[in-house]
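Let me begin by presenting the structure, written as structure tokens, before commenting on it.
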DNA sequence: CCTACCGATCGGTAGG
DNA sequence: CCTACCGATCGGTAGG
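Residue numbers (UniProt numbering), protein chains in the order written: chain A, 1 to 214; chain B, 1 to 214.
Set out below in structure tokens:
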């Protein structure tokens, strides 16, 4: 449980092979998209935030939409799949229990979202307002989720006292839902800050108890 | 458990005392805001959807922002507080157990969101992109939630085998999170339709088990 | 003088 | 990386 969350967006950005100007544009864009949304951000705002002209932005990114995809691509195509492999290996190699797996995933994804909450907010926002993006996202993520779900199902099948009505996607939705309310509460509604380890512990135990039969 | 969800937006709209044109504008606006977001919807789109001119819209609503508030106001100011009173009365009068309360609230709010999911999506969207709206929302909702939370805390204190680390807001976040993943999955990601009673049952039992001590 | 609306166009700004 | 612009569309308003 030492490898927390793998790569994050800032790290990916710092190490990516690109001109510094392009990097600054992406940094400014992530900040503004997460704060005001894609539609609520103008290229003029991005230019001001990045300290350059609008023309300089369109030099690197032909359209605003391409800029959006450049931000979401590393999240959707690299970071989630990396997790998928880690995840399957974690199950296969260590033959952990379902409770250990839940503890690992919650811990791992919590710190992943702490490091990538801006891009996560942008993703959620886009899901809410862009039908085409939803379709693309489904086509990209669903195949990647299948192996993980199969592993979870096997673990559920070989565990005592499991609620047989629950399928892996239910557990996924449960964890994602708790992350959404937590991070929206913290970063958007500015609710009183909570201690990370306490939050991780609560989400973990809640999820572990949720799968048990009465 | 017969009174499902009280008023919904369509019902409120149909019975509200206003010119028919104004009603049509609100109906069209809710549809488009829920589909494309506030920023992604132009007054021209609303006019086309409502079958009238843009000037007719501005006759009734001076600005697009006022149109947004006219939609969210009944949700935030009337519908949630109605629930708050119902909720406290449910606890006080019937002296229900915490499990009964969870079952009632999940059932009630599920059908509430089925009837009001469009306005709910608009609200969530606005939380993600509008900082000022978040502040207003907090100031309006937090005071309304306090009595309900106090009732829950009392029930938790007088119930056996309760996880003492959990506070009422944790339970609220847990339920809201499950609703968010469910309704976003159904209406935005277009995941395979699920049977309402099965979903209600899953969310209810998960929440009931989540509050128990190990 | 009211309502419910229209066709046309305003000053500014969007993405490019 | 800049100045100087474009076709179009934005939210909002004019007279009737």
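All C-beta atoms, glycine included, are put in the ideal place defined by N, C-alpha and C.
Residue closest to residue i, alpha-carbon to alpha-carbon, out of the options
{"i": "residue 71 of chain B", "options": "B:127, B:159, B:168, B:119", "result": "B:119"}
{"i": "residue 149 of chain A", "options": "A:109, A:189, A:19, A:171", "result": "A:171"}
{"i": "residue 57 of chain A", "options": "A:21, A:175, A:213, A:140", "result": "A:21"}
{"i": "residue 189 of chain B", "options": "A:123, A:151, A:198", "result": "A:123"}
{"i": "residue 166 of chain B", "options": "B:115, B:202, B:53, B:208", "result": "B:208"}
{"i": "residue 98 of chain B", "options": "B:8, B:153, B:197", "result": "B:153"}
{"i": "residue 139 of chain A", "options": "A:187, A:115, A:93, A:76", "result": "A:76"}
{"i": "residue 65 of chain A", "options": "A:85, A:143, A:42", "result": "A:42"}
{"i": "residue 214 of chain A", "options": "A:163, A:204, A:131", "result": "A:163"}
{"i": "residue 155 of chain A", "options": "A:100, A:126, A:111", "result": "A:100"}
{"i": "residue 96 of chain A", "options": "A:108, A:193, A:147, A:159", "result": "A:159"}
{"i": "residue 86 of chain B", "options": "B:74, B:104, B:73", "result": "B:104"}
{"i": "residue 197 of chain B", "options": "B:114, B:47, B:38", "result": "B:114"}
{"i": "residue 49 of chain B", "options": "B:59, B:39, B:33, B:63", "result": "B:33"}
{"i": "residue 185 of chain B", "options": "A:181, A:191, A:177, A:102", "result": "A:177"}
{"i": "residue 106 of chain B", "options": "B:202, B:93, B:9", "result": "B:202"}
{"i": "residue 137 of chain A", "options": "A:29, A:192, A:126", "result": "A:126"}
{"i": "residue 89 of chain A", "options": "A:128, A:210, A:151", "result": "A:151"}
{"i": "residue 161 of chain B", "options": "B:180, B:194, B:210", "result": "B:210"}
{"i": "residue 31 of chain A", "options": "B:53, B:129, B:212", "result": "B:129"}
{"i": "residue 29 of chain B", "options": "B:169, B:16, B:61, B:15", "result": "B:61"}
Proximity test, Cβ basis, 7 Å: residue i and chain A
{"i": "residue 180 of chain B", "result": "yes"}
{"i": "residue 40 of chain B", "result": "yes"}
{"i": "residue 188 of chain B", "result": "yes"}
{"i": "residue 203 of chain B", "result": "no"}
{"i": "residue 229 of chain B", "result": "Residue 229 of chain B lies beyond the residue range present for chain B, which begins at 1 and ends at 214; the question has no answer from this structure."}
{"i": "residue 138 of chain B", "result": "yes"}
{"i": "residue 9 of chain B", "result": "no"}
{"i": "residue 3 of chain B", "result": "Here residue 3 of chain B scores only 43 on pLDDT, less than 50, and its place in the model is too uncertain to base an answer on."}
{"i": "residue 213 of chain B", "result": "no"}
DSSP state of residue i mapped onto helix, strand, coil
{"i": "residue 162 of chain B", "result": "strand"}
{"i": "residue 110 of chain A", "result": "helix"}
{"i": "residue 3 of chain A", "result": "In this predicted model, residue 3 of chain A has a pLDDT of only 42, less than 50, meaning its place in the structure is not dependable enough to derive any value."}
{"i": "residue 8 of chain A", "result": "coil"}
{"i": "residue 13 of chain A", "result": "helix"}
Chain B within 7 Å of residue i, Cβ atoms only
{"i": "residue 20 of chain A", "result": "no"}
{"i": "residue 37 of chain A", "result": "yes"}
{"i": "residue 210 of chain A", "result": "yes"}
{"i": "residue 173 of chain A", "result": "yes"}
{"i": "residue 176 of chain A", "result": "yes"}
{"i": "residue 6 of chain A", "result": "The pLDDT assigned to residue 6 of chain A is 48, lower than 50, so where the model puts this residue is not dependable; a value taken from the coordinates is nonetheless given after this. No, residue 6 of chain A does not count as interfacial toward chain B."}
{"i": "residue 196 of chain A", "result": "no"}
Residue i: CB within 6 Å of a non-hydrogen atom of the ligand PLP
{"i": "residue 93 of chain A", "result": "Here there are no bound small molecules, and the ligand PLP is not part of this structure."}
Going along the segment 112-128 of chain B in order, which residues come within less than 8 Å of chain A, judged by CB to CB distance? 121, 124, 125, 127, 128
Requested in this report: May I have a chain-ordered list of the alpha helix (DSSP H) segments no shorter than 4 residues that lie completely inside the UniProt domain "HTH tetR-type" (19-79) of chain B?
Outcome: 20-36, 43-50, 54-60, 64-73
Practice task
Give the residues from the UniProt DNA-binding region "H-T-H motif" (42-61) of chain A that approach chain B closer than 7 Å (Cβ to any Cβ), ordered along the chain.
Solution key: If you check each beta-carbon in the UniProt DNA-binding region "H-T-H motif" (42-61) of chain A against every beta-carbon of chain B, none falls closer than 7 Å.
Contained alpha helix (DSSP H) runs [length at least 4] in the segment 160-208 of chain B, N- to C-terminal order: Entirely contained in the segment 160-208 of chain B, the alpha helix (DSSP H) runs reaching 4 residues are, in chain order, 168-183.
Compile a chain-ordered list of the residues in the segment 61-72 of chain B whose CB is closer than 9 Å to at least one CB of chain A. none
Report task. Output, in sequence order along the chain, the residues in the segment 149-173 of chain A whose CB is closer than 9 Å to any CB in chain B. Result -> So the close ones are 163, 165, 166, 169, 170, 172, 173.
According to a CB-to-CB cut-off of less than 7 Å, which residues of the segment 91-106 of chain A neighbour chain B? none
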